[in-house]
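Quick note on numbering: the sequence shown equals residues -18 to 481 in the working numbering.
All C-beta atoms, glycine included, are put in the ideal place defined by N, C-alpha and C.
The structure displayed is predicted, hence computed values, not measured ones.
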Amino acid sequence: MSRVVACTATPSAWSTSAVKRRKTEDSALKEQEDRRALLRRHVRRNVNLADETCVPPSLLGRELGMGVGMGMGMGKSMSMSGGGVGSWSDVVSAAAWADGLVHRGHVRWSPGVDAHPPGVGNLSCLWVGEVGPGTGVVFAPDHEETSPLTCPVPLDQDGNIDVHGTRLPFRYADRVRCPQMSGVEYHSASRGVLLTSRAPRAHVGLSLLKPFGDDVEYHPYQYLSTRSNRRDTVVNGCAAAPSPSNLLCVLATNSGVVSVSLDGSMSSVGSAVAAAAPEQALPKEILDVDFQNPNVVFAGGRSPRIWMADLRSPDNQWASVRHASSVARLRAVGANQIVACGPRNAMALYDVRFVSRRQQRQQQQDRPLVEFPEYRNEAQIHVGFDVWPPGQQSGAGAGGVPPVAAAAHEDGSVALYSLSSGRRLPCRALRDTVNRLREPARPARYGGGRPSAPAGRNRLVGPVKALRFAEMSSDGSPSLWVGQGPSVDKYTFGRGEDDE
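Next comes the structure, spelled out in structure tokens:
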């Protein structure tokens, strides 16, 4: 016998109250769906998210692994793929590395000089390297800037400068006279130190010193020179040639760029080109030079241009990028970029793959890949500047450090910048040192324990002129060496006194 099943709701579901309740619920649900459909038309996925040139939020960018870099610090961005200087992840890593720098001690330069004698300014230049495990070496002029001075710097197991209770073995190069020393570089192939002088002379000169031999008393020395068409020729700096170049270095002079061969012969770069028109004029007053690779040279000077020449070309013709101001300092970044800084707070990074000789005719500034809006230098030419990683290296360098730049500001401070974003990186160690230098003088204390930031200096002595990134085997990451006053300070990533 079959069972009869009701196919409708119970009688209570058809009551007046139940019908009104269902009608109210259906109306609320319809309003919610209509609102959701309306908002769906207002909120859309950004079409640029599918493009690698956009800048996603930091968390989303790290999850997606998008290789992008921020440009100009104002929301604009440009792709760093295909030989760029970094990724969005590098921006975060650079900020973490800069904030983790700690002061690792200092070397009081020039024996017998007080911690901050009156009238003694910042070091004009320096070079830092490693001559053995646990021993660094600093090469810089003495406080009178007349003779080069080298000093081994002992480091403890934590990378601190261990000079407490010891007398540093400073070595003078007595036979070398290099007044107004403007640059010091190390040529690894010849194991020679290259010295340049800003003192006016009737020739282009370069001092080649080999101070790292076994004989402490004897340092092979050679002076290379060539006649100049000016009686007041000055050499503003040099760049050691990378391997496997057949050059020793290139010089930045007020008569243009001069190349120096391994045999000591000198020649002007681009001298064979006749300036048929003003827009094809050769670079003259050069302030800084650098190698992009063994065959390509960058140069910058008084004119607002970054010059580039291929040394393999028979006539060494110059191409140029128009900068916002004079180019005080420049450095090659990666395989295709160049970063330059100068007066009028102008610091920018350019991609040289889009440079042509026809661009020399234009009068407007070339569009930079990245700008650095927080850079502060209104009128100074002799300022410190360096980048990491150096040369043709791209991406993260030693210790996983992403591309960064150290730049001296006009007020005497030193700032770190991300080459991927152009933004200034927070660094407590550098900020604390500047604040300490601005305080009234107090007696410097010496003793054991971890070295603290130098005391006893009561003011900043103009902009810092000597900055250098250097890699020591005991550090695991690059160190920043700063010539502040008559002292050389070291900053490295690691634990500070307040870290547990």
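Element boundaries [beta strand (DSSP E), containing residue i]
i	result
Q273	I267 to N274
S399	V395 to S399
L175	G173 to S178
G281	V277 to G282
A388	V385 to A389
D137	No beta strand (DSSP E) holds D137; DSSP gives it neither H nor E.
G237	G237 to S242
D367	F366 to W369
S249	M247 to S249
Status (buried if at least 16 other CB within 10 Å, exposed otherwise) for residue i
i	result
H304	buried
F353	buried
T214	buried
E14	exposed
R286	buried
P383	buried
T473	buried
N227	exposed
C322	buried
R412	exposed
Q138	exposed
P181	exposed
T(-3)	exposed
E359	exposed
P225	exposed
Q203	exposed
T485	Nothing can be reported for residue 485: it is not among the residues displayed for the chain, which extend from -18 to 481.
D367	buried
D470	buried
Residues bridged to residue i (per DSSP)
i	result
M453	Paired residues: none, contrary to the question.
D470	H87 and V463
L82	F474
G164	T177
T414	Its beta-bridge partners do not exist; DSSP assigns none.
R405	Y398
V231	A220 and S240
C132	V119
V109	V119
L448	V463
C-alpha distance - residue i paired with residue j, whole-angstrom precision
i	j	result
L10	P(-8)	25 angstroms
R348	V333	11 angstroms
V277	F335	15 angstroms
V185	C132	28 angstroms
L292	A221	15 angstroms
L136	G117	7 angstroms
L107	M289	26 angstroms
P192	T177	16 angstroms
Y331	V351	7 angstroms
P122	W78	31 angstroms
A327	P459	26 angstroms
Q318	W369	13 angstroms
L205	C230	12 angstroms
S248	A183	16 angstroms
G281	H23	50 angstroms
T(-11)	R21	38 angstroms
G381	A410	20 angstroms
R17	R2	23 angstroms
P160	L187	12 angstroms
S394	A387	11 angstroms
R476	G81	8 angstroms
V134	S246	35 angstroms
S402	S301	24 angstroms
R426	L397	The predicted position of R426 is uncertain, since its pLDDT is 47 and thus under 50; no value can be drawn from it.
D269	L19	60 angstroms
S105	V72	31 angstroms
Y556	E391	Here the chain covers residues -18 to 481 and nothing more, so residue 556 does not appear.
F272	V308	16 angstroms
L190	E266	26 angstroms
H168	P223	8 angstroms
E12	A316	59 angstroms
Residue range of the unbroken alpha helix (DSSP H) whose run includes residue i
i	result
H124	First-last for H124: undefined, no H or E at that position.
T(-11)	Premise fails: T(-11) is in no alpha helix (DSSP H) and is neither H nor E.
V0	T(-3) to H23
Which residue spans inside the segment 183 to 228 form an unbroken beta strand (DSSP E) run of at least 3?
184 to 190, 202 to 208 and 216 to 221
Which runs of the alpha helix (DSSP H) at least 4 residues long sit entirely within the segment 284 to 353? Give them in chain order.
none
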